[in-house]
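Engineer: Got a structure for you, written out below as C-alpha cells; questions coming shortly.
Number of protein chains: 2
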Amino acid sequence: MKESELRQMIDCAMKREPCDLVLTNARIFNVFTGETEEGDIAVKDGVIVGIGTGYSARTYRDVAGRIILPGFMDAHIHVESTMLTPEEFARLTVPHGTSLIVADPHELVNVCGIAGAEYVAEAFARLQREGVSPLEVLLQLPSCVPATPFETSGARLDGHATAEELEKPTFFGLGEMMNYVGVIAGDAETLEKLEAAKRLKKVVDGHAPGVVGDALNAYLCAGVTTDHESLSAQEIAEKIARGMYVQVRCGSSANNAAVCAPLITEENNGRFLLCSDDKHAPDLMQKGHLDDALSRLVALGVRPLWAVRMATLNVAQCYGLRGHGAVAPGYAADMVAVDDLQHFRVHAVWKGGELVAEEGRPLFSVARYLPEAVRDTVHVAPVTADSFRMDIRSERARAMYVLPNELITQEVILPVRTKDGDVVLGDDLNKLAVVERHFASGNTGLALVKGYGLHGGAIGISVAHDSHNLVVLGDDNAAMARVVELLRTAGGGMALVCGETEEVFPLDVAGLMSSASCEEVAQKTAHIAARARRMGVKEGYDPFMTLAFLALPVIPHLKLTDRGLFDVDAFRFTTTEAEE
Amino acid sequence: MKESELRQMIDCAMKREPCDLVLTNARIFNVFTGETEEGDIAVKDGVIVGIGTGYSARTYRDVAGRIILPGFMDAHIHVESTMLTPEEFARLTVPHGTSLIVADPHELVNVCGIAGAEYVAEAFARLQREGVSPLEVLLQLPSCVPATPFETSGARLDGHATAEELEKPTFFGLGEMMNYVGVIAGDAETLEKLEAAKRLKKVVDGHAPGVVGDALNAYLCAGVTTDHESLSAQEIAEKIARGMYVQVRCGSSANNAAVCAPLITEENNGRFLLCSDDKHAPDLMQKGHLDDALSRLVALGVRPLWAVRMATLNVAQCYGLRGHGAVAPGYAADMVAVDDLQHFRVHAVWKGGELVAEEGRPLFSVARYLPEAVRDTVHVAPVTADSFRMDIRSERARAMYVLPNELITQEVILPVRTKDGDVVLGDDLNKLAVVERHFASGNTGLALVKGYGLHGGAIGISVAHDSHNLVVLGDDNAAMARVVELLRTAGGGMALVCGETEEVFPLDVAGLMSSASCEEVAQKTAHIAARARRMGVKEGYDPFMTLAFLALPVIPHLKLTDRGLFDVDAFRFTTTEAEE
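Same order as they appear, the protein sequences are chains A and B.
Counting along the first sequence from 1, when you hit position 47 you're at 47 in the numbering used here, and nothing is skipped either side.
Here the numbering used here = 1-based position in the second sequence + 1000.
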C-alpha cells in the first residue's frame, strides 16, 4: 500500500472523499464485544474504513438488515482432499463465506515435491483480480515428506531442504508435524525443521493424537502451536491448558465438534479454532464449509459469539494475522452476510471489498492452471496378473480387517490354502496391492483383506495417504492388473473392473485431484462408488476412500505399503505368513 | 537458540535429562483456563519445559504452595518519568514482578534524539547476564519528536528519519501517535511514519483523547493498535468495539482503573491491557508497579483471571509476543510467586528461569551506564534578572490559572500594572518562564500564572513535557535567573532559590533522570518539593511536577513554550496583553 492510499482511506473515513463501497442497513456483529450494531460499513481499497452512517460511495449495497460477519477462516485444510483443483475449491467454498484458509499441501508435495506447493500457490494467486483474491491462502510447508520411512513417496524433503524452503515467502509456516514420535525422541532431522521455524518465527501446526503428559510438554517445547488430532475430551482439555490452540475438526470423515462443544467455556473460547482438515467435494456442495460447521457448533450449544470467533478472530490471533478476523476500521473488508447466528445461511460474500459470491454463486471466473509438474505423475513398472500372486507358505495368514467407519484396521489370523502358487480367496477375503507409482520401481506390497465384501473383480485408487501409491483391492489377479493399467493411462484416479465392465474417473492432477468441475467430481465419484458398491463392498466402508487409508502406516494396527505389510503397533514390517 | 538446545529442552521435558530448575509445590495459575493446578514447574535454558511431577534438576526450589503467575508486562511506560535510570528502574520494578515493559523513550528522544533511545536500549541490555536480562524491554520509536511545532525540542525526527530508524531492530514498534490531529487531517509527514510501520509490520501505539466516531475510524485506518488516553467510559467502550486494545492506565497522575473496571466483561476482557504510562519513583517504591495495579483492579471488582490476563497474556497477544504471557511448556520461564489473587504480594520473581528478585530485593547488580550523549544536555544562553522583565503594555493581562490536581489550565484575564518596565506581582501572581535549553538560542517565553501560591523566590525544573526546556516560576527576577544558572550547572534538575537558600537536585541524565539510586531520588525529590511547599505552593499542586506540564502545548487551555504563550483551543500563539 502506498502512502497516498493510507491518506485516501483516512479521507474516506472522515467523509472527505467517497468510498468504494458502502453496505447500508447492516447488522454488524462485533467479535470483540458480542454485540450487534446497526449501521453502514464503509470500504476503501479493500479495507473497512468506517462503521457509522452518512458515507458517500461509488457503490452502495443495501444488505437489508442482514447480519454481517467477518469472512470465515479455515485454520487447517488439505485442499487436495476435496479432489478439486484450487480454482474449483474456491468456486465451491467462497459462496459459503470462506475468505481465508491455512492450507497444507501435504499430499501434493508427497507426490510432486515443492512443485506441488508452488502449483497450489500459483493457482490461487491466479484467482486475483486487481490484487484481490476471492480466497486468501496461507500455505504451510509440509513437514513430513515422506510421512514415514516405510513407504516410497514421490519426493523427499529432508531437514536441510525443509529449512531452506521455509525461508521462502511462499510458505507461511510449517505444516502439521505428524512425526510427533520423532519430536519427542529428539530426532535430529525433525528438530532441524522445527529449529528453522523457530529461527524464522514461523508458526508450526501440530498433529499429535494421544500425545499427553510429558510427551505433550516436549512437543510444545518444540514450538508447535496448534493441534486437531485429539482422541478424547480429556486430551483436548489438557492441550488447551498447556497453551495449544485446538482446531475443532469439522471434516468429512473426522469430526469432533460434538466432543469439543461441551469443553468450550467463557474462559477458554479464545483458544479454539475451526478447521476442515479433509473435506470431500460432495460434502462441501451439499452441506457447506465453515458455515455448516458454525451452524453445527451452535446447534451443539456453543454460544454464537464463541463459534464465530473460532472461525474468525481466534484464527487471526493464533496465526498473527493483524487486520483480519473482525468487521472494524482498518480491518480487511472480508465480510459475510447471513440471516442469523443459528443457521448461518450465507447470502453474500465480500473479499477485500469485492462482492465475490451471492446466493450461493461465485462471482469470479477461473481459468484452469495445470503446470507440467502436477500432470502425468503416475509411473508404474509393467504388471500382469501374475504380479498379484500370493504364494503363502503357511497354513495360517495374517490379514487386515477393516472396521466400519474407522481408519484403523485390526489384525486377524486366518487359515488359508494355496493352489498353483497363489492363495485361494473366497469367504469375504480380498487381495490388496500397493503398487509404487512415482518411479516405476516395481515395488509392490501384497496383503490379504478380510471383511471388505468385494467380489468379481477389482477396484483401485491413486489417492493413498500419505505417499499416494496405487492401492488396488480385488479377488481377481487379471482385474487387479487391469485396474493398475487403467490408473496408469488416466494419470491416476479411481478405477473399477468387474467382468466386462471397466470404469475410471481420472484424477489427472498429481493423481490426487480432478481438473473437472466440482459438480462433475461430485457426480462421477458418487457414480463410480455406487458401481463399486454393487460389487459387494459393505456399508460402513466408502469403497474408494477407505482404500485410500489402507496404505497409511501411522494409523493402527496393520497397514500395507509398497514395501510390504506393516505392523503399526510394533512399528516394523511383518509377513502375511503367520507362524502360529 | 541452537538445535541442540531444542533437543535439550525436549530431553528435559521427557525426564531423560535433569532440568536447570524445578519449582516444587506450586499452585500454577492457568491464564488459558482460569484454573489453578498443583504441581511442579520444570525449566531448561530459560524456558518452561514441563508442568507435572517427578522432574530431576540441578536446582530445586520449594515455593510452598504459593501461586505462580506469568511475569507481569507493562504495555506502555515512559521510563524517564520515574526520573530513574533504566538500571534503577529495573532494580525497583523487578521485585514487584515486572518482567517485560513496552517502553517509549519519548522524553529522552525529544532531548537527545535517537541517542536517547539507544542509551535506554544499551542500559537495559547491560543488565543481561548470560543472555538473560532481569527485565525485558521492547523499545518503541517515539513518533512525535518534537511533539508540536510550537516549541523547541532537542531533536527532530521527520517522516523520513522515522521511517529509517524504524527499520532498526532496536525498535519494536512506533510509539504512541500523539499527533492524532495530524493523522486525521492526513498530514503527509505523519502518514510517512505510519506507512513505514505498516510496511515493516511493526505495531503502532496510540494516544487519542476524545477521538471517537469518524475520527476514531480514521485513526484506526492509519494502523494504530492501542490507546490509553480516553476521556470517558463511553469513549473506552467505543474504542474496544472498534477493535483497539485499551491500555488501562495505572500511573501516578493519570489513573483510570476505576473508570475501566466496570467496562471489563466476559466478552471483551481480552482487549484490555495494563500500563503505567507515567509513574514516579516514590509511587513505585511505596505502592509497587503492576502488582499494585492488579490488586487495585481486583478490589474494583475485576475478576482475577481477567486482571492477570491484562498484565500477561493479553499484552503478549496485542504485541504478538509468542511464548510470553503464560506458565506453560514452551513459554519463557518468566514467573512471579504471590500469596493470593487479591493483594498480589510478590515473594519471588524469575526471569528466563533465573531468580531475579526475592522478598522485595533485586538479586542482580547494576553498573551505571552513562554515555556522553545523555550527559551535559543543558545549554542555555546567559540570563540575568532583566531577562525576566515583563513590560506589559495593556491594563489587563492574560494569565494561566492552574487547577488543583489537573494538567489543564484555564485562561484568566486580570488587571495588571507595571513599574520601571516590569509587571508588578503580588496577589498570588507569579511569573513563569520557559527557557530554551538545547541550543542556547536564548528563546525565552514569559507568562503570568495565577493561583500557584509561591512567593519569596523561584523554583525551576528541566523536565517539561514534551520538549523539556527549563520551566521557572517565581516572583523575583534575580531568583529566577539564579534558578536557571543552578539548573545549567547541574546539567538539569529541580532547583529552588528562596532568599539565601539555594537547593538543587540534579537530573544529570538528559535533564530528565537522576543517576542516583531510587532511594535517593525519592528522598531528595520529596525534600526539595517540601522546601518549595514552604514557599507557599498550594496543596493540589505538586510544586515541581505541575510545572513540568505548564509547557505542554497539547493540553488545554493556555500553555507557555519557549516561543511564547500558546492558546491550545485556538491552536496558535497569543499574548499576555489582553486587549479587552
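Backbone N, C-alpha and C define an ideal beta-carbon position, used for all residues, glycine too.
Is A464/A closer than 7 Å to V483/A when the C-beta atoms are compared?
Structural biologist: No, the pair does not count as a contact, with Cβ atoms beyond the cut-off.
Engineer: So what does DSSP say about D104/A, is it helix, strand or coil?
Structural biologist: In this structure, D104/A counts as coil in the three-state DSSP scheme.
Engineer: Determine the contact status of I10/A and A1197/B, defining contact as a CB-CB distance below 7 Å.
Structural biologist: Cβ distance not < 7 Å, so I10/A and A1197/B don't count as in contact.
Engineer: Measure the Cβ-Cβ separation of V1378/B and G1492/B and say whether it is below 7 Å.
Structural biologist: In this structure, G1492/B lies closer than 7 Å to V1378/B by Cβ.
Engineer: Let me know if E941/B comes out buried or exposed under the rule of 16 or more other beta-carbons within 10 Å of its beta-carbon.
Structural biologist: Past the boundaries of the shown model lies residue 941/B; chain B is included only from 1001 to 1580, so the question cannot be answered.
Engineer: Measure the C-alpha to C-alpha separation of A281/A and L1305/B and round it to an integer number of angstroms.
Structural biologist: Each residue's Cα considered, the two are about 43 Å apart.
Engineer: Below 9 Å on C-beta distance, what does C221/A contact in chain B?
Structural biologist: Those are L1006, M1009, I1010, C1012, A1013, K1044, V1047, I1048, V1049, G1050, P1329 and G1330, listed as they occur along chain B.
Engineer: DSSP puts W1306/B in a beta bridge; with which residues?
Structural biologist: Paired residues: none, contrary to the question.
Engineer: Under DSSP, the beta strand (DSSP E) around K202/A begins and ends at which residues?
Structural biologist: Taken as a continuous stretch (DSSP letters only), K202/A belongs to no beta strand (DSSP E), as it is neither H nor E.
Engineer: Does the stretch 506 to 524 of chain A come within contact of the stretch 74 to 88 of chain A, defined as at least 3 CB pairs closer than 8 Å?
Structural biologist: The stretch 506 to 524 of chain A vs the stretch 74 to 88 of chain A: in contact.
Engineer: If the cut is a Cβ gap below 9 Å, which residues of chain B does V183/A touch?
Structural biologist: Those are I1010, listed as they occur along chain B.
Engineer: Are there 16 or more other CB atoms within 10 angstroms of the CB of S56/A, so buried, or fewer, so exposed?
Structural biologist: Result: exposed.
Engineer: Identify the continuous beta strand (DSSP E) that holds T162/A and give its terminal residues.
Structural biologist: Looking at the DSSP string, T162/A is not in any beta strand (DSSP E); the run it does join, the alpha helix (DSSP H), is G159 to L166.
Engineer: What are the uninterrupted segments assigned as alpha helix (DSSP H) that are 4 or more residues long and contained completely in the stretch 237 to 265 of chain A, given in chain order?
Structural biologist: Entirely contained in the stretch 237 to 265 of chain A, the alpha helix (DSSP H) runs reaching 4 residues are, in chain order, 257 to 260.
Engineer: Measuring CA to CA, which of G1034/B, R1058/B and Q1008/B is closest to T1024/B?
Structural biologist: Answer by Cα proximity: R1058/B.
Engineer: How would you list, in chain order, the residues of chain A whose beta-carbon sits under 9 Å from the beta-carbon of R1345/B?
Structural biologist: The contacting residues do not exist; R1345/B stays about 25 Å from chain A at best.
Engineer: What's the C-alpha gap between M1545/B and L1284/B?
Structural biologist: In a straight line, the C-alpha of M1545/B is about 16 Å away from that of L1284/B.
Engineer: Name the residues in the stretch 1314 to 1327 of chain B whose C-beta lies less than 8 Å from a C-beta of chain A; which are they?
Structural biologist: Answer in chain order: Q1317, G1320, R1322 and A1326.
Engineer: When the distance is taken between beta carbons, is R1389/B closer than 7 Å to D1422/B?
Structural biologist: Going by C-beta atoms, D1422/B is nearer than 7 Å to R1389/B.
Engineer: Given this structure, state the Cα-to-Cα distance separating L273/A from T312/A, to the nearest angstrom.
Structural biologist: Each residue's alpha carbon lies about 8 Å from the other.
Engineer: With a CB to CB cut of under 7 Å and the five nearest residues on each side skipped, what residues in its chain are close to D91/A?
Structural biologist: Reading off the sequence shown, one finds Arg at residue 91/A, where the question assumed Asp. The answer, listed in chain order, is P362, V366 and C518.
Engineer: Should A163/A be flagged as near chain B, meaning a C-beta pair shorter than 7 Å?
Structural biologist: Not closer than 7 Å to any Cβ of chain B, the Cβ of A163/A fails to qualify, so no.
Engineer: Interface residues of chain B around D214/A at Cβ under 7 Å?
Structural biologist: Under the 7 Å cutoff, chain B gives A1013, M1014, K1015, G1050 and G1052.
Engineer: So, does the stretch 1205 to 1215 of chain B touch the stretch 1178 to 1189 of chain B, judging by three or more C-beta pairs under 8 Å?
Structural biologist: Because the criterion of three Cβ pairs below 8 Å is met, the stretch 1205 to 1215 of chain B and the stretch 1178 to 1189 of chain B touch.
Engineer: Report the rounded CA-to-CA distance for P1142/B versus D1104/B, giving the unit in angstroms.
Structural biologist: Distance between the alpha carbons of P1142/B and D1104/B: 6 Å.
Engineer: Give the C-beta separation of L290/A and M400/A to the nearest angstrom, bearing in mind that I take them to be a contact with Cβ-Cβ under 8 Å.
Structural biologist: 35 Å between Cβ atoms; not a contact.
Engineer: Tell me where the alpha helix (DSSP H) around E1485/B begins and ends.
Structural biologist: It spans N1477 to A1490 - the alpha helix (DSSP H) in which E1485/B sits, taken as one unbroken run.
Engineer: With 16 as the cutoff for other CB atoms within 10 Å, does A570/A come out buried or exposed?
Structural biologist: So A570/A ends up on the exposed side.
Engineer: Which residues in chain B have a C-beta closer than 8 Å to the C-beta of L194/A? List them in chain order.
Structural biologist: Near L194/A (Cβ distances below 8 Å), the residues of chain B are L1006.
Engineer: Between the alpha carbons of G1460/B and P1506/B, how many angstroms are there, rounded?
Structural biologist: Rounded to whole angstroms, G1460/B to P1506/B spans 12 Å at the Cα level.
Engineer: Specify, as a first and last residue, the run of the beta strand (DSSP E) that C19/A falls within.
Structural biologist: Unbroken beta strand (DSSP E) run through C19/A: C19 to F29.
Engineer: With 8 Å as the C-beta to C-beta threshold (strictly closer), list the residues of the stretch 1263 to 1290 of chain B near chain A in chain order.
Structural biologist: Cβ contacts with chain A: T1265, E1266, E1267, N1268, G1270 and R1271.
Engineer: Apart from the five residues on each side of it in sequence, which residues of its chain come closer than 6 Å, Cβ to Cβ, to M1/A?
Structural biologist: In this prediction, M1/A has a pLDDT of 44, which is less than 50 and means its spatial position is unreliable; what the coordinates show is noted afterwards. Excluding residues within five positions, none has a Cβ falling inside 6 Å.
Engineer: If contact means a Cβ-Cβ distance below 8 Å, which residues of the stretch 18 to 41 of chain A contact chain B?
Structural biologist: So the list reads N30, F32, T33, G34, E35 and E37, given in the order they occur along the chain.
Engineer: Would you mind sorting H527/A into buried or exposed? The rule is 16 or more other CB atoms within 10 Å of its CB.
Structural biologist: With fewer than 16 Cβ atoms within 10 Å of its Cβ, H527/A is classed as exposed.
Engineer: Taking I1051/B as the reference, which of A1333/B, V1472/B and E1118/B has the closest Cα?
Structural biologist: Ranking A1333/B, V1472/B and E1118/B by Cα distance to I1051/B puts A1333/B first.
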